[in-house]
Each structure stands twice: as structure tokens, then as C-alpha cells.
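Heads up: the sequence lines are chains X and V, in that order. Positions in the first sequence are counted from 1; adding 12 to them yields this note's numbering. Positions in the second sequence are counted from 1; adding 12 to them yields this note's numbering. Before any comments, here is the structure.
Protein chains: 2
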Amino acid sequence: METVAIVGVGLLGGSLAMDLRRCGYAGRILGVSRSPREYPAAFSSGAVFERAAAESDVIVLCSPVQSIIADIERVDALVRPGTLITDVGSTKSAIMSAARTHVKRGVFLGGHPMAGKHVSGLEHACEGLYSGKAWFFVRTIEPDPPVVREFVEWVGRIGARPLWIGEEEHDRSVAMTSHLPQLVSTALGAALARSVDPGVARQRCGQGLPDMLRLAESDWALWRDILTSNRLEIRRMVGEYLAALGEIEGMLSDAASVEEIREAFERSQEFARVVREKR
Amino acid sequence: METVAIVGVGLLGGSLAMDLRRCGYAGRILGVSRSPREYPAAFSSGAVFERAAAESDVIVLCSPVQSIIADIERVDALVRPGTLITDVGSTKSAIMSAARTHVKRGVFLGGHPMAGKHVSGLEHACEGLYSGKAWFFVRTIEPDPPVVREFVEWVGRIGARPLWIGEEEHDRSVAMTSHLPQLVSTALGAALARSVDPGVARQRCGQGLPDMLRLAESDWALWRDILTSNRLEIRRMVGEYLAALGEIEGMLSDAASVEEIREAFERSQEFARVVREKR
Numbered sequence: 013m014e015t016v017a018i019v020g021v022g023l024l025g026g027s028l029a030m031d032l033r034r035c036g037y038a039g040r041i042l043g044v045s046r047s048p049r050e051y052p053a054a055f056s057s058g059a060v061f062e063r064a065a066a067e068s069d070v071i072v073l074c075s076p077v078q079s080i081i082a083d084i085e086r087v088d089a090l091v092r093p094g095t096l097i098t099d100v101g102s103t104k105s106a107i108m109s110a111a112r113t114h115v116k117r118g119v120f121l122g123g124h125p126m127a128g129k130h131v132s133g134l135e136h137a138c139e140g141l142y143s144g145k146a147w148f149f150v151r152t153i154e155p156d157p158p159v160v161r162e163f164v165e166w167v168g169r170i171g172a173r174p175l176w177i178g179e180e181e182h183d184r185s186v187a188m189t190s191h192l193p194q195l196v197s198t199a200l201g202a203a204l205a206r207s208v209d210p211g212v213a214r215q216r217c218g219q220g221l222p223d224m225l226r227l228a229e230s231d232w233a234l235w236r237d238i239l240t241s242n243r244l245e246i247r248r249m250v251g252e253y254l255a256a257l258g259e260i261e262g263m264l265s266d267a268a269s270v271e272e273i274r275e276a277f278e279r280s281q282e283f284a285r286v287v288r289e290k291r
Numbered sequence: 013m014e015t016v017a018i019v020g021v022g023l024l025g026g027s028l029a030m031d032l033r034r035c036g037y038a039g040r041i042l043g044v045s046r047s048p049r050e051y052p053a054a055f056s057s058g059a060v061f062e063r064a065a066a067e068s069d070v071i072v073l074c075s076p077v078q079s080i081i082a083d084i085e086r087v088d089a090l091v092r093p094g095t096l097i098t099d100v101g102s103t104k105s106a107i108m109s110a111a112r113t114h115v116k117r118g119v120f121l122g123g124h125p126m127a128g129k130h131v132s133g134l135e136h137a138c139e140g141l142y143s144g145k146a147w148f149f150v151r152t153i154e155p156d157p158p159v160v161r162e163f164v165e166w167v168g169r170i171g172a173r174p175l176w177i178g179e180e181e182h183d184r185s186v187a188m189t190s191h192l193p194q195l196v197s198t199a200l201g202a203a204l205a206r207s208v209d210p211g212v213a214r215q216r217c218g219q220g221l222p223d224m225l226r227l228a229e230s231d232w233a234l235w236r237d238i239l240t241s242n243r244l245e246i247r248r249m250v251g252e253y254l255a256a257l258g259e260i261e262g263m264l265s266d267a268a269s270v271e272e273i274r275e276a277f278e279r280s281q282e283f284a285r286v287v288r289e290k291r
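Written as C-alpha cells, this is what we have:
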């Protein structure tokens, strides 16, 4: 892995370059951006997509899902045989399907680090972003070629936890642990915006409301691609959530049934305790 | 205000005593607890309810709503005329109604600091808990007697922001900014607990899920009283939330309509930005 191209230099791509350097990667890191920009010191230089694809051993596609798919459709014709093409896209089924169709000369490895934030862009990139975070990997071939093993080792070295998974299980899993929480937060802001002035809410709320609205600040372009590419799993989970909250709403219909909320409350409490346990 | 009784020495009551001392209050602080306990150094001593009521100029009721109401029903017979009786209860209509019926010799001032956490109990009490937080007040008489003005001054001195409000507007407001976010978090854990093992979710999630589940860890005894005493306003807001999320769910029904989610997404984004702005 003498040359790595990072295509899409935002929160994830920028942080990846910084973390590779911090952890001792001494090869070339080429940054590829849609528009001209200043690259952080971790990058060796900027490059156009075609040159980066031709000169790199590893290409990491770090943009929203639809852009990753567009890059997958054109990258294989540009790379040397055996080049590793990997990505950090939030959903995996559509990407793996595109990769299986279009990547023949290169080797494709699906990837997804659980390191996103409600803010995006290079200005939020930082060292240590991946520390302690899960990084999903989806194989296209077995056994793993050396370049795959080497890249996954680097992912471990920057502090992430590699997790091997199938694309369908990945998408079902993130629908639960990432996409549902996003829409739950989004709907909270959308519903409240109809009932209360945000400045009044801000003046009167405690810490719970702003915390529950953090995800709602996320970027639509990223989420449009996620919602589109994982629509069915997300819809199913939102349906289950609506049923759970609808049950609670029903129990508010008279004073005597409020006590029935206790079961869901305590089930949720126990679930939250485990999820939120310090590692 | 030479003697203050704090009835219920948990997160709010304990922190109030610590903050009064930190900010220079030199009078007596009596702690009243249901069971024998060690009091933090901020307290002068523990006392039984009857003695504390008889000897204090200000009595602060710091327990869940139903216990506050039970204390209001018995306190007036014990106090000296003109004693300030105030509270930190999460809802105000039921409490103000009890106070208007039962408090005749004392002066009642409804109170509610927005300083709760998902954890409760004296072990989480700390100095500075009230700093920057709204502290709602509901009057029973005008103009404010000197003891009310003095207590509200102390609330400002410990860093809270006194906000005067009517009880109905208070309860409508906290249904939006506190009670809805709580149930949204509770339903998230309750729904996910049916679909995924919490240990697996913990291993695979990013930071969003644990943050969205923080409120779900809250104490049921506190929330049973809140849900019971503000049932109708909460039910209305949960209904509006279900409608907002239901609309989003409907837009996931086919790929072409996903773009329609944008409007709700951006409305929520803007709302969240204002609510979450640094003070």
C-alpha cells in the first residue's frame, strides 16, 4: 500500500488521511475532490480522479452513496489489475450490487465506519475520529487478497474495530441502529416546528430536547442517499417504532392505563443501559 | 430566609442545598428524607417533616409530583403564617390546584427548574446543576411578598434563569420540550428491544443511538407522575409527533417520493439549529 487515493475529502475522508499519518503511514496519500481545495498536511497532494485511480494501490471512496456508486461505475477501467477499491458508504446493498457488476480488474471491499456525525465537511475532520468505532466490511472475494488484509490492518491501527458482515445484514442492522434514530430525531424537530417557536423552545427547555435534536441537524444530501438506498428496511423499522409509540399514546387515553406504560418504559431502560454502557 | 427546609434530598434537592451554600447562603438548611440518611455538608442537619415545616421560612418540596401533592395537603397546618412553600415538580396544573385548595396560612409559589437528568438521586447531586437553566415560577398571589422575591433572587444567584408563567402554559410547554422527547426516546428503546439484542446494537452502533437513548434511562417513578399529571397535553403532542413521523414513513413507500422528505428534514434542521445554538 504505497499510494492511497481518498476520493471525497470531507469529514470521513479527511479524518482517514489524518489518522493514517498519525499512526505512521508513510506512503503517498492523494486527495480527490469535486472542486479545487486546500488539502490538510496529511495529504501528499491533490489529484484528478483518473490519475489517482491509475497510480494508487488503494482507492477509498468517501462520498454519499449515490456518488460512490457513480465512481464505482467508472473506476474499474482506470485502475491497475488488483487495485483495492473500498468505500465508506452508509448503506451496502446498492453499493455491493454496483461493485459486483462493474469491478472486474480491481478488488472491491465494501466498508462503512460508524463514525459519522451530525456535522459534515473537511472543517470537522480530526485525528482520532475512528477510535473505538465499528468499521463494517463486506467481502466480494475469498480468501482476502493481501491488499485487503493490509488495508484492514490499517483500519485497526487507527483504532477502529473491523466487523465482517453481509450486505443485507448490514443494511438491516444500520436501519435499526442509525437510520431509525435519525428519522426519530428529524420527526421531533419537524413536529415541534409546527407547534412552538424554536427560540421559545430553546429558552424553556432543559438538556434533553437539544440532545434529542442533534441528529436532526444532519445533512440532507447524505440522508437522501441513505433513505433511497435502504428505503425498505428503514420503512419497516419506522413502522415498528410507530407501533411502539402508538401503544404508549393509547395508554395515555385514561389515567388508569398510564401504569401500563411501565412495561415499555422499563424494557427501554434496560435496552438503553446496555447500549450506553461505557466500553 | 433564615431557615430553608429541603423536602426530598435527591438530585434536585441535594444540588439546591450545595448551590445555596456555594453562593453564600449562611442560614440553616434542613434536609427532610423519607428514610434516615447521611446529608451532604451543605445541610445544617436532617429533620422530620413536622419540625422542618414549623421552623423554616422557606420549604422547598423536591420529590416527584404525587409526593409533592401529598406534602402540600399536610404542610399548611404545620407552618407559621407567611411561610413560603415552593416546589420543583415537573408539572404544574395539578400542584397549583392542590396548593390553591390547601395552602392558606403559608404562601405557595409553584416552581420547576429545567435541570433534571436521566439519572436521579443524591449521588448525582452537584454544584452548578442549575447554572444557565430555566426555572419556571407560577404565582398564587400578587404582588409577590418579600419572601418570594428573596427566594427568586437566590434562584438567580445560583445561576438559574427565573421564568414567570401560568400553569397551563407551563404544562403545554413542557409537554413539547420535555415530555415528548422523553417518550420519543423511550419508544426508541422499546421498539429496538423487540428487534435486536442490545449487546449487538451496542457493538454495531455509532454515537447517535446511545445519545438518542439517554433519556430512556430515566426513572419510571418520576415519569409515572409526570405522565399521569400531564396526560392530555402529552397525548396531544405524541399524536402530532406520530403524524409527522407517519408522513415521513409514507414518503418511504416508493423511491420517487423520498425527495418529499426533504421539506420536513430541512424544517427540522432549522428548528434544531436554533434550539441547539450555544447560549
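Glycine included, each C-beta is placed from N, C-alpha and C at the ideal position.
Amino acids of chain V, ordered along the chain, whose beta-carbon sits closer than 9 Å to that of residue i
i                       : result
glutamine 78 of chain X : Ordered by position in chain V, no residue passes the 9 Å Cβ test against glutamine 78 of chain X, which lies about 12 Å from the chain.
Own chain residues within Cβ distance below 7 Å of residue i, not counting five before or after
i                        : result
glycine 26 of chain X    : Pro52, Leu134 and Ala137
glycine 211 of chain X   : none
glycine 178 of chain V   : Val150
aspartate 237 of chain V : Pro76, Val77 and Gln78
proline 93 of chain X    : Arg117
Within chain X, the residues that residue i reaches when beta carbons sit closer than 7 Å
i                       : result
lysine 145 of chain V   : Gly218
arginine 243 of chain V : Leu264, Ala267 and Val270
leucine 239 of chain V  : Leu264, Val270 and Ile273
CB contact below 8 Å: residue i versus chain A
i                        : result
glutamate 252 of chain V : The chain labelled as chain A is not found among the protein chains of the depicted structure, namely X and V.
Contact set between residue i and chain V, taken where Cβ atoms lie within less than 7 Å
i                        : result
threonine 103 of chain X : By Cβ distance, chain V contributes nothing, its closest Cβ being about 13 Å from threonine 103 of chain X, past 7 Å.
alanine 211 of chain X   : It is glycine, not alanine, that sits at residue 211 of chain X in the sequence shown. Neighbours of glycine 211 of chain X on chain V, chain order: Val286.
Cross-chain neighbours of residue i in chain X, by beta carbon under 8 Å
i                       : result
arginine 247 of chain V : Glu261, Leu264 and Ser265
Cβ shell of residue i (< 6 Å), same chain only, five flanking positions each side left out
i                            : result
arginine 40 of chain V       : Thr15 and Ser56
phenylalanine 120 of chain X : Ile97, Ala111 and Thr152
arginine 34 of chain V       : Glu139
isoleucine 273 of chain V    : Ile260 and Met263
proline 157 of chain X       : Val119
valine 159 of chain V        : Leu96
leucine 73 of chain X        : Val19, Ile80, Asp83 and Asp99
serine 337 of chain X        : Lying before the first or after the last residue shown, residue 337 of chain X is absent from chain X, which here runs from 13 to 291.
Other residues of its chain near residue i: CB distance less than 8 Å, five sequence neighbours each side excluded
i                      : result
alanine 256 of chain V : Ala276
leucine 32 of chain X  : Val16, Ile41, Ala54, Trp166 and Ile170
valine 91 of chain X   : Ala65, Ala66, Ser68, Ile71, Ile97, Arg117 and Gly118
Partners in chain X for residue i, counting only beta-carbon separations shorter than 9 Å
i                            : result
phenylalanine 257 of chain V : This sequence places leucine at residue 257 of chain V; phenylalanine is not what is there. Going along chain X in sequence order, the residues near leucine 257 of chain V (Cβ under 9 Å) are Leu195, Val196, Thr198, Ala199, Leu200, Ala202, Ala203, Val250, Tyr253, Leu254 and Leu257.
Exercise for the section: Within the stretch 187–275 of chain V, note down every full alpha helix (DSSP H) run reaching 4 residues or more, in order along the chain. Expected result: Entirely contained in the stretch 187–275 of chain V, the alpha helix (DSSP H) runs reaching 4 residues are, in chain order, 192–207, 210–216, 220–224, 232–241 and 243–263.
Practice task
Can you give me, in chain order, the residues of the stretch 213–237 of chain X that have a beta carbon less than 8 Å from any beta carbon in chain V?
Solution key: Hits within the stretch, in order: Ala213, Arg214, Gln215, Arg216, Cys217, Gly218, Gln219, Gly220, Leu221, Pro222, Asp223, Met224, Leu225, Arg226, Leu227, Ala228, Glu229, Ser230, Trp232, Trp235 and Arg236.
Practice task
Let me know the beta strand (DSSP E) ranges lying completely inside the stretch 94–158 of chain V, each 3 residues or longer, listed in chain order.
Solution key: Those beta strand (DSSP E) runs which fall completely within the stretch 94–158 of chain V and span 3+ residues are 96–99, 119–125 and 146–150.
Problem - Contact set between the stretch 271–289 of chain V and chain X, restricted to residues whose Cβ is under 8 Å from the partner - result: Those residues of the stretch 271–289 of chain V that come within reach of chain X (Cβ to Cβ, closer than 8 Å) are Glu271, Ile273, Arg274, Ala276, Phe277, Glu278, Arg279, Ser280, Gln281, Glu282, Phe283, Ala284, Arg285, Val286, Val287, Arg288 and Glu289.
Handout entry: Contact residues within the stretch 176–208 of chain V, judged by C-beta distance below 8 Å to chain X
Key = Flagged, chain order: Ser185, Val186, Met188, Thr189, Ser190, Leu192, Pro193, Gln194, Leu195, Val196, Ser197, Thr198, Ala199, Leu200, Gly201, Ala202, Ala203, Leu204, Ala205, Arg206, Ser207 and Val208.
Handout entry: Members of the stretch 104–129 of chain V near chain X, C-beta cut-off 8 Å
Key = Under the 8 Å Cβ criterion, the stretch 104–129 of chain V contributes Met126, Ala127, Gly128 and Lys129.
Exercise for the section: Please name the residues in the stretch 52–68 of chain X whose beta-carbon is closer than 7 Å to at least one beta-carbon of chain V, in chain order. Expected result: So the list is empty, because no residue satisfies the distance condition.
Exercise for the section: Please determine if the stretch 192–203 of chain X and the stretch 221–228 of chain V are in contact, where contact requires at least 3 C-beta pairs separated by less than 8 Å. Expected result: Taking 8 Å as the limit for Cβ pairs, the verdict is that the stretch 221–228 of chain V does touch the stretch 192–203 of chain X.
Exercise for the section: Answer yes if the stretch 255–272 of chain V comes into contact with the stretch 161–175 of chain X, meaning at least three C-beta pairs across the two stretches below 8 Å, and no otherwise. Expected result: Between the stretch 161–175 of chain X and the stretch 255–272 of chain V, the count of C-beta pairs closer than 8 Å stays below three; the two stretches do not touch.
Problem - Inter-stretch contact (C-beta, 8 Å, three-pair minimum) for the stretch 233–253 of chain X and the stretch 141–157 of chain X - result: Per the Cβ contact rule, the stretch 233–253 of chain X is not in contact with the stretch 141–157 of chain X (fewer than 3 Cβ pairs under 8 Å).
Problem - In chain order, each alpha helix (DSSP H) run of at least 4 residues that lies wholly inside the stretch 21–102 of chain X - result: Within the stretch 21–102 of chain X, the alpha helix (DSSP H) runs of at least 4 residues that lie entirely inside it are, in chain order, 23–34, 61–67 and 77–87.
Exercise for the section: Tell me, please, whether the stretch 257–268 of chain V touches the stretch 177–191 of chain X by the rule of three or more beta-carbon pairs shorter than 8 Å. Expected result: No contact exists between the stretch 257–268 of chain V and the stretch 177–191 of chain X.
Handout entry: Given 8 Å, three or more beta-carbon pairs between the stretch 225–240 of chain X and the stretch 232–244 of chain V
Key = They do not touch, by the three-pair rule.
Problem - the stretch 278–285 of chain X contacting the stretch 214–221 of chain X, beta-carbon criterion three pairs below 8 Å - result: These segments do not touch.
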